[in-house]
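J.: Sharing a structure below in structure tokens format, with a few things to ask.
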Amino acid sequence: MLLLTLLLRSVGFYFFTSSIQNPESNNSYTAKLEQLKTIGRELAMGSQGGFGQSKEFLDLVKSIGEARSKSEEDRIVLHEIETLKRRINEPDIPKRKMKEYIIRLVYIEMLGHDASFGYIHAVKMTHDDSLLLKRTGYLAVTLFLNEDHDLIILIVNTIQKDLKSDNFLVVCAALNACCKLINEETIPAVIQQVVELLGHQKEAVRKKAVMALHSFHQRSPSSVNHLISNFRKKLSDNDPGVMGATLCPLYDLIAIDVNPYKDLVASFVNILKQVAERRLPKSYDYHQTPAPFIQIKLLKIMALLGSGDKKSSEQMYTVIGDIMRKSDTASNIGNAILFECVCCISSIQPSPKLLETAADAIAKFLKSDSHNLKYMGIDALGRLIRINPDIAEQHQLAVIDCLEDPDDTLKRKTFELLYKMTKSSNVEVIVDRMIDYMISINDSHYKTETASRCVELAEQFAPSNHWFIQTMNKVFQHAGDLVNPKVAHNLMRLIAEGFGEDDDAADSQLRSSAVESYLKIVDDPKLPSAFLQVICWVLGEYGTADGKYSASYISGKLCDVAEAHSSDDIIRAYAVTALMKVYCFEKSAGRKTSLLPECQLLLEELSASHSSDLQQRAYEFRAILDLDANAVENIMPLDASCEDIEIDKSLSFLDNYVHKSLEQGAEPYIPENERSGTLNISNIINRNPYEHPAHSLRFEAYEVPKLVVPTKLSPAVTYPTELVPVPEPSYQPTVSSGPVSDAGSGSGSTELRLRLDGVQKKWGKPAYSSAASSSTSNIDSQRTTVNGATQPDNVTSKSREPRQPHVEVSEEKQKLAASLFGGRTARPERKQSGSAAGHSKVSRTTNHGEDKAQPTTVTTAVQPPPPDLLDLGESSGAASSYSSTVDPFKQLEGLLDLSQDGHAVTTTTGPDLMSLYSGASTNGQNQNQNLNPLLNEKDNMNGAPNPSNRTASLTKGPSLKDALDKDALVRQMGVNPTSQNPNLFSDLLG
Amino acid sequence: MIRAVIVINDQGKPRLVKFYDYQPVEKQQEIIRNIYGVLCSRAENVSNFVQDSTFGPDTRLVYKTFATLYFIVIFDDSENELAILDLMQVFVETLDKCFGNVCELDIVFNFNKVHTILDEIILGGQVVEMSSSEVVKALDDITRLEKNPNSIVRVPKSISGWQGR
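See the structure below:
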């Protein structure tokens, strides 16, 4: 049955195909459409079918239009594709027919179906002599192909030919295609002709040639850099249309670098003046406004040129004032220009008089009934308050109105404005509003943005600890999974550090209120993972600190968390570490400690967990249970998350021991890459390390123990890239001396967290340690002075002005307005939020619980090590392990800052780099260190210099090419005086 | 720069799709679907602007409804929202001049002509013409030439100054 219908349908198609040549059928269909249209019919359909389409195409469109479902539509289109595939490859298709097929292909692709089978025919059509077909071909290829498509190369030749045509319409069509289809590789093929066309007699051609050149510049600035002077020349073109087109590339160029174009300020001002004075022909008017797009572009360019440049700005004042005075506020386009003037005024060096005019214009916008104008008003206000913060107060009620407007766009814009004008006196109102709004929207992109803004404002302006914690709770509860993991990190840091004041009471109050609020919500089953991590960490670190809650209560809650989120290993890891901390604090405080039964159960379960990380934590916890209070206190000192930990990267404290051993005839350590054969773990476990295959002695590595850190010594923390299952029996004895290190109080990522087991194995029994040395070949990833104590602490600039009391006004809106705008407190200098501040703050908190194991491990660290202890020279291994040996919180940050770190690595060298970048994340720092003193010292030993070091020196500094380009640019500037520009129009007008 | 001009009808069917940055077909469809979803949920008598993150954080979207069609322009911060709104007006006015009482069907059946009109107004993502009569004039030239390929339009010998327009 279906087959039959299909057959019928295709017969139908054939029928229609036969009728296509008959103009009658076209006309009859047109007659049906007569009701819909009145005049201009001939133009639309064309007597020869000009733009008109065949019946077949009309039917296709019609049937698609009538399709009741997407699947029905797809079926029709697929059928059409089948038909076209068959027909388009038939021999000797009449050209007109082919044109129609191409149009149908375009239509099909517009509907989202693949028409690539016909691309080649569209390319062929561009070769046709007939303009109609050629244009259709060009249209199709510009829609089908991107500039890197394989078929482009087939078109370039045609474009070349067409650019030379003496028919300007052909040239225009080719230039249109140039804008879309010419890529970096093919630019040289056409560039010469395009430049020649800049001097074409027809202004339409010149205009399009300018745009084509502009699009080349966008694609590949370097290939047209030598032609940029042409844009300047064309600025003085006879035709205002060409001049207007030239403003587009100039705007882009000026946005990149203002300085080479400062000399054009006078020209731009003059052009704008002449345009505003209606000295352009009437045909450029739009609704009685002269050449609005030219005016807008010029104002945008002037905003760029006048920014921070008093001299240039002063030249602009008069003309901007004139335009604003003359502007037609009744029309849309008049307001567009007015808005652009306000933008320009807010960008250039401020002029009091213009600022006043701008404020008036904003007032008009905001008072308007049109949502569009209100939107522009809010936008403009946001720009102007950067210069004059007081201006917002005049418009407070209007702003509040916009905040409550049903229009979402307007609302968002207003929140943006509020974000810009937040100060400590209104932060509560604004952030509360933002959170409400954040909860109400679904768009995850915008939700994330709002959430991070809330966090940022709360951190900057929080009036009280309690409010801050509450706010963060709300943000995390509703958008915890959307916010950047960095935010969670920041929150932990803030709770650990307090607000940077040396007020311990305030800090502990902050922590208590955090603990209290977290205990209230921790049972909510829908908390996002990131937030639960914070909760677990805080409960572990500070849950019992103020003595308000008993250890067993906190433990119970933590066990509940671990149980409720049994599928989330990260949360469980946080929870079990927190449990361990609670236990340790209790024990070191000398209180009686006993593990809750559910905690026991949890430990048992985790000891057999599929996740080796969880297993590890469970075993460590169990090991701690057997230790005495003194050892425990050393492992887990109370409230030490902010202490710095210094790590002796080179393990220099072992040098004496190593020397002694060597003197006593021990075998020296042989770097892994110099050992023969691949390392088999089981082999090594069974092998006596002293029977290591003989190699020549390499003493160099141990002659330069320069990186001696005098004070605290620390365990080598490492993260074995391959996971080593921890065998219980052999592990316990190693641990008994107490070096169990908590691998991350609240450390986030399971995969990348610190692993100390490898290190201990190093110092354990010989057999065991050799196993470790093989499995943790990258043992040399010890950290030194985690974040360089040299970093100045600029955290303390927190502004926490006392909140201003709200003025009680009966009307709610006025109240809101008062709270938003009322406080006349000068807005404190906003701290550099984000990376810079983040880094410096971080420097104080990089070491969380996991590092607390440090003091004890030092004592245990100096156990008799086997000789193959120090594989320090293994710097290629080090490179990988360094990047992975990071504080887990740090890593969250490191992930974000990778690019920056990479930059740091490539651009900086020299031994003082540590102090320069000590604030950067450990990740980058480690790399730096790896590259620098350490590497240099160990290089000889390795025989192979670190490749990354080489790239660093190669890519260092600005590229020569850039410098040359810039130089060429500057010279062009000199060559092209622009004195003729000012009287561009006056010349012509006589 | 203007990133895209899209015309869809009130059922979300694309009627004209022009991206000035190349986008694969699937991506185009996704963008159109998203935009349609956003526009549908917008109330009447609100602004014509939508903040849009299709092409990055700074892109904005301006739309205007004409009868059954949404005209949509996506652009970045080098354009002015209100001006783009008028640009759409120019576009539609030009369509109206060419088709006479333009309706959705005209655009569907003559979308290659609509593309031609659009190319005269926006080139390579930049506005090059704001006068609908100029566009109509250029279009007439093209149509005449296409109809009668033998009458090649001679380029005038003298430079046609802009006074002559």
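These protein sequences, in sequence, are chains A and B.
First residue of the first sequence? That's 94 in the numbering used here, and the numbers climb one at a time after it.
First residue of the second sequence? That's 280 in the numbering used here, and the numbers climb one at a time after it.
Every residue gets a Cβ at the ideal spot worked out from N, C-alpha and C, and that includes glycine.
1. Is it right to say A:L171 is buried, meaning 16 or more other beta carbons lie within 10 angstroms of its own, or is it exposed?
2. Determine the direct distance from the alpha carbon of A:T219 to that of A:N260, and round the result to whole angstroms.
3. In chain A, what lies closer than 7 Å to B:M367 by C-beta?
4. Taking 7 Å as the threshold (C-beta atoms), are B:Y342 and B:I351 in contact?
5. Return the bridge partner residues of B:R339 from the DSSP annotation.
6. Identify which residue in A:A267, A:E590 and A:I275 has its Cα closest to the Cα of A:D241.
7. What would DSSP say about A:D529, mapped onto helix, strand or coil?
8. Round the Cβ separation of A:I614 and A:N566 to the nearest angstrom and send it over; I've been treating them as touching at under 8 Å.
9. Output needed for A:L340: all residues of its chain with C-beta closer than 7 Å, excluding positions within five of it in sequence on either side, in chain order.
10. Excluding the 5 residues flanking A:G573 on each side, which residues of the same chain have their C-beta closer than 6 Å to its C-beta?
11. Do you know how far the Cα of A:L496 is from the Cα of A:Y667?
12. Under 7 Å between C-beta atoms, does B:D337 make it to chain A?
13. Between the stretch 306–317 of chain A and the stretch 352–360 of chain A, do three or more beta carbon pairs fall short of 8 Å?
14. Starting from A:V303, trace the alpha helix (DSSP H) both ways and give me its first and last residue.
15. Among A:Y646, A:I534, A:R684 and A:K685, whose alpha-carbon lies nearest the alpha-carbon of A:A671?
16. Please go through the same chain and pick out, in chain order, the residues whose beta-carbon is closer than 7 Å to the beta-carbon of A:A282, but skip the five residues on each side of it.
17. Is the Cβ of A:Y646 closer than 7 Å to any Cβ of chain B?
18. In terms of alpha-carbon separation, which member of A:V548, A:D350, A:S643 and A:I416 lies closest to A:L431?
19. Roughly how many whole angstroms lie between the Cα atoms of A:L755 and A:E739?
20. Flag this pair as touching only if the stretch 379–390 of chain B and the stretch 311–321 of chain B have three or more C-beta atom pairs under 8 Å; answer yes or no.
21. What residues in its chain sit with their C-beta under 6 Å from that of A:M89, if we drop five residues either side in the sequence?
22. My understanding is that A:S439 touches A:L477, with C-beta atoms under 8 Å, so please give their C-beta distance in whole angstroms.
23. A:V576 lies in the beta strand (DSSP E); which residues open and close that run?
24. Taking the continuous alpha helix (DSSP H) assigned at A:L496, which residues delimit it?
25. Assign A:P445 to one of two classes, buried (16 or more other C-beta atoms within 10 Å of its C-beta) or exposed (fewer than that).
26. Quick check on DSSP: helix, strand or coil for A:D356?
27. Provide the residue(s) that pair with A:D378 in DSSP beta bridges, ordered along the chain.
28. Spatial neighbours of A:K467 within its chain, please: C-beta separation below 7 Å, excluding the five flanking residues on both sides.
29. Please tell me whether A:V58 has its Cβ less than 7 Å away from any Cβ of chain B.
30. Do B:I363 and the ligand SAM come close, with the Cβ less than 6 Å from some heavy atom?
31. Hey, out of A:H307, A:S329 and A:A682, whose CA is closest to A:H319's CA?
32. Taking buried to mean at least 16 other C-beta atoms within 10 Å of its own C-beta, is A:P957 buried or exposed?
33. Can you find a C-beta in chain B that's less than 7 Å from the C-beta of A:Q426?
34. DSSP three-state call for B:K297: helix, strand or coil?
35. Run through DSSP, which three-state label would B:V406 get?
36. If you follow the beta strand (DSSP E) that B:I287 is in, where does it begin and where does it stop?
T.: Let's see:
1. In the first sequence, the residue the question calls residue 171 of chain A occupies position 78. Exposed, by the Cβ-count rule.
2. Locating residue 260 of chain A in the first sequence gives position 167, counting from the first residue. Locating residue 219 of chain A in the first sequence gives position 126, counting from the first residue. Using only the alpha carbons, I get a separation of about 15 Å.
3. Within the second sequence, the letter at position 88 stands for residue 367 of chain B. Scanning chain A for C-beta atoms nearer than 7 Å to the C-beta of B:M367 yields nothing, as the closest lies near 11 Å away.
4. Numbered from 1 along the second sequence, position 72 holds the residue referred to as residue 351 of chain B. Numbered from 1 along the second sequence, position 63 holds the residue referred to as residue 342 of chain B. Contact: yes.
5. By one-based count along the second sequence, residue 339 of chain B stands at place 60. BP columns for B:R339 point to B:Q330 and B:F354.
6. Reading the first sequence from its first residue, position 148 is the one you call residue 241 of chain A. Nearest option by C-alpha distance: A:I275.
7. Residue numbering aside, residue 529 of chain A sits at position 436 when the first sequence is read from its first letter. Residue state, collapsed to three classes: helix.
8. Walking along the first sequence from the start, residue 614 of chain A turns up at place 521. Walking along the first sequence from the start, residue 566 of chain A turns up at place 473. Right, the Cβ-Cβ distance comes to about 6 Å (below 8 Å), so this counts as a contact.
9. By one-based count along the first sequence, residue 340 of chain A stands at place 247. Closer than 7 Å at the Cβ level, and outside the excluded window around A:L340, lie I387, K390, L391 and I394.
10. Position 480 of the first sequence, counted from the start, is the residue given in the question as residue 573 of chain A. Only P621, A623 and F624 meet the Cβ criterion.
11. Within the first sequence, the letter at position 574 stands for residue 667 of chain A. Within the first sequence, the letter at position 403 stands for residue 496 of chain A. Taking the straight line from one Cα to the other gives about 40 Å.
12. Position 58 of the second sequence, counting from 1, holds the residue named residue 337 of chain B. With 7 Å as the cut-off, B:D337 does not count as an interface residue toward chain A.
13. no
14. For the purposes of this step, residue 303 of chain A is identified with residue 210 of the first sequence, where counting begins at 1. Run containing A:V303: E296 to R312, per the alpha helix (DSSP H) assignment.
15. Within the first sequence, numbered from 1, the residue matching residue 671 of chain A stands at position 578. When each option's Cα is compared against that of A:A671, the closest is A:Y646.
16. What you label residue 282 of chain A is simply residue 189 of the first sequence in a count that begins at 1. Excluding five sequence positions before and after A:A282, the CB atoms of its chain that fall closer than 7 Å to its own CB belong to V249 and Q253, given in chain order.
17. Locating residue 646 of chain A in the first sequence gives position 553, counting from the first residue. No, A:Y646 does not count as interfacial toward chain B.
18. Within the first sequence, numbered from 1, the residue matching residue 431 of chain A stands at position 338. Measuring from the Cα of A:L431, the nearest candidate turns out to be A:I416.
19. Taking the first residue of the first sequence as position 1, residue 755 of chain A is located at position 662. Taking the first residue of the first sequence as position 1, residue 739 of chain A is located at position 646. One C-alpha to the other measures close to 27 Å.
20. no
21. As displayed, chain A neither begins before 94 nor continues past 1083, which places residue 89 of chain A out of reach and without an answer.
22. As a position in the first sequence, residue 439 of chain A is number 346, starting the count at 1. As a position in the first sequence, residue 477 of chain A is number 384, starting the count at 1. Indeed they touch by this definition, with Cβ atoms about 5 Å apart.
23. Sequence index remark: in the first sequence, residue 576 of chain A carries index 483 (1-based). Note, A:V576: premise wrong, no beta strand (DSSP E); not H, not E.
24. Counting from one through the first sequence, the residue named residue 496 of chain A turns up at place 403. Unbroken alpha helix (DSSP H) run through A:L496: Q489 to L496.
25. Sequence index remark: in the first sequence, residue 445 of chain A carries index 352 (1-based). Exposed, because fewer than 16 other Cβ atoms sit within 10 Å of the Cβ of A:P445.
26. As a first step, residue 356 of chain A is located in the first sequence; it is residue number 263 there, counting from the start. Here A:D356 sits in helix by DSSP.
27. In the first sequence, the residue the question calls residue 378 of chain A occupies position 285. Per DSSP, A:P383.
28. On the first sequence, position 374 is the one that residue 467 of chain A refers to. Cβ neighbours of A:K467 beyond the five flanking positions: F458, L459, S461, C495 and L503.
29. The structure shown does not extend to residue 58 of chain A, since chain A spans only 94 to 1083, so no value can be given for it.
30. Here there are no bound small molecules, and the ligand SAM is not part of this structure.
31. Counting from 1 along the first sequence, the entry for residue 319 of chain A is found at position 226. Cα-wise, what sits closest to A:H319 is A:H307.
32. For this step, residue 957 of chain A is matched to residue 864 along the first sequence. Note that A:P957 has pLDDT 44, beneath the 50 cutoff, so the model's placement of it is unreliable and the number below is only indicative. Result: exposed.
33. Residue 426 of chain A sits at position 333 when you count from the first residue of the first sequence. Note on residue identity: the sequence assigns Ile, not Gln, to residue 426 of chain A. It does: the Cβ of A:I426 has a partner Cβ on chain B nearer than 7 Å.
34. For this step, residue 297 of chain B is matched to residue 18 along the second sequence. Correct three-state label for B:K297: strand.
35. In the second sequence, the residue the question calls residue 406 of chain B occupies position 127. Correct three-state label for B:V406: strand.
36. Here residue 287 of chain B is taken as the residue at index 8 of the second sequence, counted from 1. Run containing B:I287: I281 to N288, per the beta strand (DSSP E) assignment.
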